[in-house]
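Heads up, the thing below is written out as structure tokens.
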Amino acid sequence: MRVVMVGTGYVGLVSGTCLSEVGHNVACVDLNEEKIKLLKDGTSPIYEPGLENLIRRNMEHDRLTFTTRISEVLGNADVAFIAVGTPEGEDGSADVRYVEAVAESIGKLVERNLMVVVKSTVPVGTCDLVEETIQKQLAQRQSNVKVTVASNPEFLKEGDAIGDFMKPDRIIVGLNDPEGQAVFRDLYGPFVLDDQGKLLFMDRRSSELTKYGANSMLATRISFMNELSLLCERLGADIDKVRQGIGTDPRIGKKFLYAGPGYGGSCFPKDVAALLKTGEKNAVELEVLNAVTRANVAQKNRAADKIIAHFKDLNGKRIAVWGLAFKPGTDDVREAPAKTIIQKLLDQGAYVVAHDPQGQGNFAREFGDHERLVYADSSYEALRGADAMVLVTEWSEYRRPNWDKAADMMAGKVVFDLRNQYQSQELHDRGYHYECMGRPDSKLLS
Ligand code: UDX
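For the sequence shown, the working numbering assigns the number 14 to the initial residue and increments by one for each residue that follows.
This is the structure:
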């Protein structure tokens, strides 16, 4: 099939590349000339394991091309995806102006029957808006081309994006007219060869709401576990044991129950805020979700408060921070807990030496300069002269540090493990002060 993918962010670029990998002919479009130039040279503008190789391979096979002009590629397309950003607007609702702008261009340019697929995460009713926008343009041009609009939210996770796309748990397609299903069976057939039941068809509004529902449910699990871990600290219980005990109930499941410094990223905070706004606009009080957001903000602060409570006075203290990205496997620092934590440490007068295998550049750009914030070339280098180390993101290279080597480099032997990655015994044996999240060796918060 001939596919146009508008938007080369995480979702658009991964989706476009993976669709070309199974043999579709994909043209990716983005207004950002710099990005397109990089991509034309076979360079991925984002860090995502395996993506750049896949881009190069499919470019070599002439199945994947890049352009800044939708007019060059729409003429031949069978399917046009809209995968542009929907940033959080001022009032918390998702801003769909870029989606609308693409719909308008499609309406102006389309010359043959086309399936338009909205992949961006959009508020319920946006596909209706896209349809109206396109139909208005068609009416103005007196064109009788048939354009169908479908919703097809994306569930890929950064860091595992290619695996998630190539081997999906499910593919959700929202169509108001079942006639369009055949297009999606052709498009996604190669991804669900072993289980056609993974292709779930429903109406457009249900599909749009599914995406927000899924992300909000996951955020809820995390906030709940974070609160439970706090209770563990007060009660002398162990959140790891409680998690195992809870997660073995198949109705709950084992995944996404890890306590930490709060969730971040480009999706959870934005999608939870957008669903709250949708509730508000429709006079539905989403009380659970309100609490989820409050708990997450509190959790990010609480993580920093642990460090402040230990030192009492952080003035002039040197703190090494391991991990800036919102999770491992990505250079994405959007809404990363590290931002809140580092800001609080700096506000208290500390010096911060930060390290991240991929996220340092983005962090420095987004966080801005601070006279007491510097970056280290390696994780161990960050420890030199530090009074404490804080593990914020659980990159695998941080998983098994050489604690003796670390002790030689650090000024004080203090470790705050915000991801419960280390064994307390190992650290205690070497004379470290060790705090983690909701495990018995974690110091009681006063
Ligand atoms: C998420 C959804 O998982 C994905 O389906 C959707 O398409 C986009 O949003 P992503 O933002 O890439 O994906 O990250 P994810 O792996 O879901 O992690 C989100 C945040 O939750 C991270 O900050 C992570 O550290 C945190 N998290 C996750 C926990 O604190 N505990 C957990 O048990 C799991």
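For each residue, glycine too, the CB sits at the ideal point set by N, CA and C.
- Of the candidates D400, D108, G22, D430, the residue whose Cα lies closest to the Cα of Y411 is D430.
- In terms of side-chain proximity, the C-beta atom of F237 is found no nearer than 7 Å to any non-hydrogen atom of the ligand UDX.
- For M128, the enclosing beta strand (DSSP E) has its first and last residue at 127-131.
- Taking C-beta atoms under 8 Å as the contact rule, A316 and P350 qualify, at a distance of about 6 Å.
- For K180, the distance from the CB to the nearest heavy atom of the ligand UDX is not below 7 Å.
- If you draw a straight line from the Cα of L270 to the Cα of S409, it is about 19 Å long.
- When rounded, the separation of the alpha-carbon atoms in K330 and R385 is 10 Å.
- Ranked by how close their Cα comes to the Cα of T343, the residues Q312, D360, N375, Q356 have N375 in first place.
- Annotation for W416: R443 place their beta carbon closer than 6 Å to its own, counting only its chain and skipping 5 residues before and after.
- Looking at the backbone, the Cα of V346 and that of V112 are separated by about 24 Å.
- DSSP places R347 in the coil class of the three-state scheme, outside both helix and strand.
- Going down the chain, each residue whose beta-carbon is closer than 5 Å to a heavy atom of the ligand UDX shows up: F168, K170, E171, I235, F269, Y271, G273, Y276, G277, G278, C280, F339, K340.
- Minimum Cα-Cα distance from V16 among the listed residues T81, E167, L241, V130 corresponds to V130.
- The C-alpha of E167 is placed about 20 Å away from the C-alpha of P191.
- Burial is judged here by how many other beta carbons sit within 10 angstroms of a residue's own beta carbon; Q436 has fewer than 16 and is exposed.
- K340 is classed as buried because its beta carbon has at least 16 other beta carbons within 10 Å across all chains shown.
- In this structure, M423 keeps its C-beta atom at 8 Å or more from the C-beta atom of A389.
- Exposed is the label assigned to Q209, since fewer than 16 other Cβ atoms lie within 10 Å of its Cβ.
- One thing to note: S236 has its Cβ within 8 Å of the Cβ of N309.
- Secondary structure at T146: helix, using DSSP grouped into helix, strand and coil.
- Close CB contacts of L200 within its chain, under the 8 Å cut and outside five residues either way in sequence, are with M14, V16, L32, H37, V92 (chain order).
- With at least 16 other beta carbons inside 10 angstroms of its own, H368 counts as buried.
- Distance from the CA of S242 to the CA of I259, rounded to the nearest whole angstrom, comes to 13 Å.
- Nearest to V158 by C-alpha distance, out of R264, G88, A322, is G88.
- Non-local C-beta neighbours of P370 in its own chain, meaning closer than 7 Å and more than five positions away in sequence, comprise W408, E410, ordered along the chain.
- Under DSSP, the beta-bridge partners assigned to I95 are V19, V131.
- Per DSSP, the beta-bridge partners of N38 are R15.
- Residues of the same chain with a CB within less than 6 Å of the CB of V35, apart from the 5 flanking positions on each side, are P203 in chain order.
- For Y111, the enclosing alpha helix (DSSP H) has its first and last residue at 110-122.
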